[in-house]
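What follows is a single structure, written as structure tokens, with notes after it.
Protein chains: 2
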Amino acid sequence: MINYGQSSLDWLATMKAMTEQKVGRPRAFDRDQALFQALNVFWRLGYEGASLSDLTEAMGINRPSLYAAFGNKEQLFREVLARYHELSVPSIAMALEHAEIYVALEQLLRINIRQITNPNVPAGCLLIRGVPVCNDTTAPIYQAVVDQRLGQESLIRERLEQSAQAGELAANVDPVDLARTIMAFSNGLSIQSVNGATHAELERSVELFLRGLKVLLVA
Amino acid sequence: MINYGQSSLDWLATMKAMTEQKVGRPRAFDRDQALFQALNVFWRLGYEGASLSDLTEAMGINRPSLYAAFGNKEQLFREVLARYHELSVPSIAMALEHAEIYVALEQLLRINIRQITNPNVPAGCLLIRGVPVCNDTTAPIYQAVVDQRLGQESLIRERLEQSAQAGELAANVDPVDLARTIMAFSNGLSIQSVNGATHAELERSVELFLRGLKVLLVA
DNA sequence: TATATTTTGTACTGATCGGTACTATATGAA
DNA sequence: TTCATATAGTACCGATCAGTACAAAATATA
Chain A
9 MINYGQSSLD WLATMKAMTE QKVGRPRAFD RDQALFQALN VFWRLGYEGA
59 SLSDLTEAMG INRPSLYAAF GNKEQLFREV LARYHELSVP SIAMALEHAE
109 IYVALEQLLR INIRQITNPN VPAGCLLIRG VPVCNDTTAP IYQAVVDQRL
159 GQESLIRERL EQSAQAGELA ANVDPVDLAR TIMAFSNGLS IQSVNGATHA
209 ELERSVELFL RGLKVLLVA
Chain B
9 MINYGQSSLD WLATMKAMTE QKVGRPRAFD RDQALFQALN VFWRLGYEGA
59 SLSDLTEAMG INRPSLYAAF GNKEQLFREV LARYHELSVP SIAMALEHAE
109 IYVALEQLLR INIRQITNPN VPAGCLLIRG VPVCNDTTAP IYQAVVDQRL
159 GQESLIRERL EQSAQAGELA ANVDPVDLAR TIMAFSNGLS IQSVNGATHA
209 ELERSVELFL RGLKVLLVA
């Protein structure tokens, strides 16, 4: 391994320096902040509904700057998807780390309704609002969105398979089926949020779901 | 009341004759069949993704014929929504007619997964695929879609309120909350279907959900 | 200071969008 | 036949779409 210095912080600094441009007119905007604004626009308007004018206005840059920094609309959305992944997966993974499976799933759902009713971002989930169907426009990025939804479900499934090994699931409860069931409910909550349901209302739905979920786990 | 004849069939015939054109070149296409094709296109491509070219091609008519018969894209979609309502609500209502609340909800979910995995139509639900967000394009019809989703939830809620009156719900189970919970799960199944889940897989998720649901109802 | 390099901003491209003007055509009524 | 009415089909409209050509401006290097 190449020695970039004495600590990993040095290594990070070196990597950053390597990716930073050294010559030419410096970029007048923060690429990360612009990407976050793009995330917000795609979240709010959907992939098709977000025009280049919507994006550049929110990002505070002009059109050629967007293309120079991000490629095109499709590649910008792919980066947005990656950013959304970074923002959502850690909290899912953290919830699922709880030793008790019931608490893990409870935390998962409670964190979920916090996120989909966060007033600082659009209601619901980007992965559901953003690209609901596959058509000529969305075809290039449709599968990536579905894959990310399936990726979240896999996180739940893997945790449930641990529980199944440990004998924590009730009789005739398949972890794959239960993961799909929880994911369905979670995604449905996102639609409820878009419908206008409040956090308190979603909380009561989660509590009802959890009462039923207990039957599927061993005491 | 005006007497249109001896029977309600005569009345229907009279109404039909009144709405049928009597003068001018006759329409060369079946309006109902064209509307059904439009439903299919909106279902498959979404409201934004369905272009007038997509619509006219599938409907087998040219552009001025569409505008003469349906007004414009927005009004056509409103008629499509009404058609979808006619196709979906009766089966929901029929399922909920069962005397036993558990059976009613079971039928509801089983009919639901039959419909959202029907190979003759696009996967999932038009009300979720068709108009996921509100933007400049979808604003005129967005609320109508949300209202139809809420209308389906109301059907469930009203049935559950009957059960609550009859003491068929477990302690601390509010019918409004339970209706929202069931609707969320049902909508999530629609997304699972779009993800590629099979009917058999959704059936197993429904069965797990029903096992939990039993706890929320009195034996 | 001179040069190479990159970003910025304006102004544009062809393609497609939803919607329509206009003419030809097909009917019922006179 | 003749006329009034309504649809069919072609060919078009202005607006907007994603994407880009080009030149001015701002930096590092030499």
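Residue numbers (our numbering), protein chains in the order written: chain A, 9 to 227; chain B, 9 to 227. Glycine included, C-beta positions come from ideal geometry on N, C-alpha and C.
Query	Result
Residues bridged to Leu-177 of chain B [DSSP beta-bridge criterion]	B:Leu-225
Contact under 8 Å by Cβ, Glu-87 of chain A with Leu-43 of chain A	yes
Pick from A:His-207, A:Glu-211, A:Ser-194, A:Leu-225 that is closest to Ile-100 of chain A, judged by C-alpha positions	A:Ser-194
Proximity to Ala-174 of chain A [Cα-Cα], best of A:Ala-90, A:Ala-107, A:Ala-152	A:Ala-107
Cross-chain neighbours of Thr-145 of chain B in chain A, by beta carbon under 7 Å	Gly-57
Whole-number beta carbon distance between Leu-116 of chain A and Leu-104 of chain A, since they are thought to touch under 8 Å	6 Å
Contact set between Ala-103 of chain B and chain A, taken where Cβ atoms lie within less than 8 Å	By Cβ distance, chain A contributes nothing, its closest Cβ being about 18 Å from Ala-103 of chain B, past 8 Å.
C-beta neighbour in chain A for Glu-82 of chain B, strict 8 Å	no
At least three beta-carbon pairs within less than 8 Å, the segment 172 to 192 of chain A to the segment 165 to 183 of chain B	no
N-terminal and C-terminal residue of the alpha helix (DSSP H) that Met-109 of chain A is part of	In the sequence under discussion, the amino acid at residue 109 of chain A is Ile, which differs from the Met named in the question. Per DSSP, Ile-109 of chain A belongs to the alpha helix (DSSP H) from 109 to 124.
Option in B:Arg-157, B:Val-184, B:Gly-68 with minimal Cα separation from Ala-90 of chain B	B:Arg-157
Anticipated Cβ contact below 8 Å, Ser-198 of chain B with Cys-133 of chain B, distance rounded	4 Å
Neighbouring residues, chain B, relative to Thr-125 of chain A (Cβ below 9 Å)	Near Thr-125 of chain A there are no residues of chain B at all, since even the closest Cβ is about 13 Å away, more than 9 Å.
Inter-residue spacing [alpha-carbon to alpha-carbon] between Tyr-75 of chain B and Ser-96 of chain B	26 Å
Where Leu-221 of chain A meets chain B, residues with beta-carbon distance less than 7 Å	Gly-220
Reference Thr-145 of chain B; option with closest CA among A:Gly-57, A:Ala-36, A:Thr-206, A:Thr-146	A:Gly-57
Same chain only: Cβ atoms within 6 Å of Val-231 of chain B, ignoring 5 sequence neighbours per side	Here chain B covers residues 9 to 227 and nothing more, so residue 231 of chain B does not appear.
Nonlocal neighbours in the same chain, by C-beta distance under 8 Å from Glu-211 of chain A, ignoring five residues either side	Arg-118, Ile-121
As assigned by DSSP and simplified to three states, the class of Pro-148 of chain B	helix
Distance, Asp-62 of chain A Cα to Ser-213 of chain A Cα	35 Å
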